[in-house]
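Numbering (the numbering used here), first residue to last: 24 to 118.
Glycine included, each C-beta is placed from N, C-alpha and C at the ideal position.
The structure under discussion appears below in the form of structure tokens.
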Ligand code: FES
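Listed below in structure tokens is the structure:
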């Protein structure tokens, strides 16, 4: 299976080298240093890893990277919660 070579993240095309079966969460954190996307339960239950995929909230720990190639991914940014239509400080010191 061909690796995923790029993702559209926070409005930019970012180069990655990821197995399409790898959870998106680890690609965001380990390859793109987007550590505001947190690991919690790893089972799609807690919401710590939530990102927006084409505007819909998804748990990145159970979303395969290959399933989001070509889609717009929006992550939690410093002081923001991605599931809101605007930036809301979350006061947790995330990045
Ligand atoms: S880490 Fe808990 S839902 Fe993804």
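Take residue 67, set aside five residues on each side of it, and the residues of its chain with a beta-carbon closer than 7 angstroms to its own are 82, 84, 85, in chain order.
Annotated three-state conformation of residue 37 is strand, per DSSP. For residue 70, the CB falls within less than 6 angstroms of some heavy atom of the ligand FES. In the three-state reduction of the DSSP assignment, residue 63 falls in the coil class. Residue 93 is classed as exposed because its beta carbon has fewer than 16 other beta carbons within 10 Å across all chains shown.
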